[in-house]
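A.B. asks:
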Amino acid sequence: FANAGDYEGVEIVPGGALWVLRSDGDLWRVGRDSLDQPTSRKIETALRGRNDTEGLAYHAATGRLLIACKEDPGPGLDDVRAVYAFDLTTEAVDEIPVVLLDRRQLDTDEAFKPSAIAIHPQTGELYVLSSVRTAIAVFDAGGTLVAVSDIPSPLAPQPEGIAFSPDGTLFLSSA
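Per the working numbering, the very first residue in the sequence shown carries number 542; after that it's consecutive.
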């Protein structure tokens with residue numbers, strides 16, 4: 542679908558479109574045209590390499606993609622990590638993050654740096670995985686931190702992927 546790159550997230554949305562996130566904030570919409578031929582189209586978002594976008598999740602309740610930044614949260618934002626929304630209709634990233642992750646609540650001797658995100662299919666909670674501080678944080682629909690838990694490094698030395706089955710079973714992948 543595209544040249545070599547640091548691809549960080551893949552999501553399927555209703556209607557069959559596959560969305561792929563690259564670490565510089567660019568998205569690709571991969572699908573099929575009216576003749577059932579494969580297509581891919583690059584969308585440059587307002588996010589950049591300094592943001593180091595690492596997490597991608599489809600938020601069914603709002604019909605948007607959520608994008609987590611591992612690094613720079615955006616202008617004027619300090620001591621937080623940010624999750625932005627990408628509107629599938631306008632194909633633009635909202636200027637204001639939908640969730641701010643307070644580093645004072647999440648950082649320990651190691652920084653909480655999002656590596657993947659997912660929405661729980663039954664509760665609608667946002668799960669954010671961190672690969673530096675090997676941990677998982679859970680946020681309610683309003684963006685309030687519900688819980689954070691370290692992941693023992695023998696189980697997942699570098700957690701990089703998170704997904705849920707329809708029944709709510711959690712899956713993690715680790716490098």
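Even for Gly, the Cβ is constructed at its ideal location relative to N, Cα and C.
Can you give the Cα-Cα distance for Leu562 and Leu711, rounded to whole angstroms?
C.D. replies: Along the sequence shown, one-based indexing puts residue 562 at 21. Along the sequence shown, one-based indexing puts residue 711 at 170. Approximately 21 Å between the Cα atoms of the pair.
A.B. asks: What ranges does the beta strand (DSSP E) occupy inside the stretch 549–632, keeping only unbroken runs of at least 3 residues that lie completely in it?
C.D. replies: Fully enclosed beta strand (DSSP E) runs of 3 or longer: 559–563, 568–573, 579–584, 594–600, 605–610, 621–628.
A.B. asks: Mapping the DSSP letters down to three states, classify Leu711 as helix, strand or coil.
C.D. replies: Here residue 711 is taken as the residue at index 170 of the sequence shown, counted from 1. DSSP places Leu711 in strand when its eight states are reduced to three.
A.B. asks: Between the stretch 681–698 and the stretch 654–672, can you find at least three pairs of beta-carbon atoms closer than 8 Å?
C.D. replies: Cβ pair count under 8 Å is three or more, so yes.
A.B. asks: Does Leu670 come out as helix, strand or coil in the three-state DSSP assignment?
C.D. replies: Translated into the one-based positions of the sequence shown, residue 670 becomes position 129. Here Leu670 sits in strand by DSSP.
A.B. asks: Please report the residue range of the beta strand (DSSP E) in which Leu696 lies.
C.D. replies: Taking the sequence shown and counting its residues from 1, one reaches residue 696 at position 155. Looking at the DSSP string, Leu696 is not in any beta strand (DSSP E), and its letter there is neither H nor E.
A.B. asks: Given this structure, state the Cα-to-Cα distance separating Glu651 from Ala676, to the nearest angstrom.
C.D. replies: The sequence position of residue 651 within the sequence shown is 110, counting from 1. The sequence position of residue 676 within the sequence shown is 135, counting from 1. If I take the Cα positions, the gap works out to 10 Å.
A.B. asks: Which stretch, first to last residue, makes up the alpha helix (DSSP H) that contains Gln646?
C.D. replies: Indexing the sequence shown from 1 puts residue 646 at position 105. Per DSSP, Gln646 belongs to the alpha helix (DSSP H) from 644–647.
A.B. asks: So, helix, strand or coil for Ile703, using DSSP?
C.D. replies: As a first step, residue 703 is located in the sequence shown; it is residue number 162 there, counting from the start. Strand at Ile703.
A.B. asks: If we count the other Cβ atoms within 10 Å of its Cβ and call it buried at 16 or more, is His661 buried or exposed?
C.D. replies: Here residue 661 is taken as the residue at index 120 of the sequence shown, counted from 1. Classification for His661: exposed.
A.B. asks: Tell me, which residues are paired with Ala659 by DSSP?
C.D. replies: For the purposes of this step, residue 659 is taken as residue 118 along the sequence shown, with counting starting at 1. Note: Ala659 sits in a beta bridge opposite Tyr668.
A.B. asks: Tell me, to the nearest whole angstrom, how far the beta carbon of Ile584 is from that of Asp567; I am working on the premise that it is less than 8 Å.
C.D. replies: Within the sequence shown, the letter at position 43 stands for residue 584. Within the sequence shown, the letter at position 26 stands for residue 567. Contact flag correct, Cβ pair sits at about 7 Å.
A.B. asks: In the structure shown, what three-state DSSP assignment does Ala678 receive?
C.D. replies: For the purposes of this step, residue 678 is identified with residue 137 of the sequence shown, where counting begins at 1. Strand.
A.B. asks: Give me the residue from Gly617, Leu642, Asp643 with the minimum Cα distance to Glu636.
C.D. replies: The sequence position of residue 636 within the sequence shown is 95, counting from 1. The residue with the shortest Cα to Cα distance from Glu636 is Gly617.
A.B. asks: Residues in the same chain with beta-carbon distance under 8 Å from Ala688, minus the five sequence neighbours each way, listed in chain order, please.
C.D. replies: Residue 688 sits at position 147 when you count from the first residue of the sequence shown. Answer for Ala688: Ala678, Val679, listed in chain order.
A.B. asks: I'd like to check one pair, Gly665 with Gly596: are the Cβ atoms closer than 8 Å?
C.D. replies: Counting from one through the sequence shown, the residue named residue 596 turns up at place 55. Counting from one through the sequence shown, the residue named residue 665 turns up at place 124. Contact: no.
A.B. asks: Quick check on DSSP: helix, strand or coil for Ala545?
C.D. replies: For the purposes of this step, residue 545 is taken as residue 4 along the sequence shown, with counting starting at 1. The answer is coil: DSSP assigns Ala545 none of H, G, I, E or B.
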